[in-house]
Amino acid sequence: MTIQLDLKPETEARLIAQAAARGMSVEELISATIDTLLTASDSDDAVLSPQERAEKFVRWAKSHNIQTQPLSDEAISRENIYREREDSQ
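Each residue of the sequence shown is one higher than the one before, counting from 5 in this note's numbering.
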């Protein structure tokens, strides 16, 4: 289906920026947003089964940018996490 929208220039610029930030085309961002909106409204009144809840979580997780670098082992070590607390005592 093709839909044509008249957007304010500011809205269009924000949409383009959001799509670029997520590494998506504008069309992909709009489609994903509509899918999320419709999925949320479909399941608001219904109780999800564990399988449906897991599938919804996977769809949500896949909708995020995965190009973020993981934290190093040092960054998440217990010693580094609590270093500030130990230094202040």
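Built from N, CA and C at the ideal position, the CB exists for glycine as well.
Note that the structure is a prediction, hence the values are computed from the model and not measured.
Distances from the CA of residue 68 to each of 54, 56 and 37 were compared; the closest alpha carbon is that of 37. No residue range can be given for residue 74, since it is assigned to no alpha helix (DSSP H) and is classified by DSSP as neither H nor E. Here residue 27 really is in contact with residue 71; their C-beta atoms are around 6 Å apart, less than 8 Å.
If you draw a straight line from the Cα of residue 11 to the Cα of residue 41, it is about 19 Å long.
Cα atoms of residue 23 and residue 55: separation of roughly 30 Å, rounded to the nearest angstrom.
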